[in-house]
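**Student:**
Numbering (my numbering), first residue to last: 108 to 381.
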């Protein structure tokens, strides 16, 4: 890649700035951390690794980066692509070989979506490996659009108001998951991946499934963004501006205990005395 154009330079600076803001806002990385960067071979994880390597150079703290890929034994998976790339940029890496592909194909009927089981198997393996190598943080490549899509999936199909937090403690308390691209938009990441010419590896298991509910939600959000540019950013800001008293979750707000405050100042002026 040669000299960047003005727009390309702005794109790179924007992604680095937004990732840096997310890391700072949520205290994702601290002095001495060993960050395990989960690399799938897709545009998001490549961009995340690229940005974290930059932040490692300029951050006022010292932290370690190790890339980890999980080879799930999908037919035709090009095993040499990631090791070749990681060696070329001088990044320490590990390849975990585990045949979750066969498990998913055996358990999930033909025509049904495979993402849920696949992600659970992958997540459990990565959690265990992070613990084994002493990683203090586990970085995933989810971006702002992923977080919003998850919010609407839970809203429409799960009946819950939740998304994917930028920083998460695992249920057993042994892993801290971070999402450095939480403030970054997918269109920027797509453009950056093309600019950097990352060796993208397509997902043959779930990436091509057209009946995914997530794909439906993704297209809905993209259409909203086309109709009203900036709407995605506004919706994401809403996830950071929650008012429990204006919702209906009795566990988050004591609605039952609401009473008139007799000590409160009167709202209206006594017109007779005036």
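All residues carry an ideal CB built from backbone N, CA and C; glycine is no exception.
Computed from a prediction, not measured in an experiment: that's the story for all the values here.
So, is residue 155 buried or exposed, given that buried needs 16 or more other C-beta atoms within 10 angstroms?
**Tutor:** buried
**Student:** Near residue 314, what residues of its chain come up, given a Cβ to Cβ distance below 6 Å and the 5 sequence neighbours on each side ignored?
**Tutor:** In this prediction, residue 314 scores a pLDDT of 48, lower than 50, which makes its location untrustworthy; no coordinate-derived value is stated.
**Student:** Comparing C-alpha positions only, which one of 242, 274, 255 sits nearest to residue 200?
**Tutor:** 242
**Student:** According to the Cβ coordinates, are residue 146 and residue 302 closer than 8 Å?
**Tutor:** no
**Student:** Considering only the beta carbon of each residue, do residue 178 and residue 203 sit closer than 8 Å?
**Tutor:** yes
**Student:** CB-CB under 8 Å to residue 317, same chain, minus the five flanking residues each way: which ones, in chain order?
**Tutor:** Here residue 317 scores only 46 on pLDDT, less than 50, and its place in the model should not be relied on; the value that follows carries that caveat. No residues qualify anywhere along the chain.
**Student:** Is residue 247 helix, strand or coil by DSSP?
**Tutor:** coil
**Student:** I think residue 144 touches residue 175, with their Cβ atoms under 8 Å apart; what is that distance to the nearest whole Å?
**Tutor:** 7 Å
**Student:** Buried or exposed: where does residue 264 fall if 16 or more other Cβ atoms within 10 Å of its Cβ makes it buried?
**Tutor:** exposed
**Student:** From what residue to what residue does the alpha helix (DSSP H) around residue 324 run?
**Tutor:** 320-334
**Student:** Name, in chain order, the residues that DSSP records as bridge partners for residue 276.
**Tutor:** 283
**Student:** Unbroken beta strand (DSSP E) runs of length 3 or more, entirely within the region 117-205: which are they?
**Tutor:** 141-145, 171-178, 200-204
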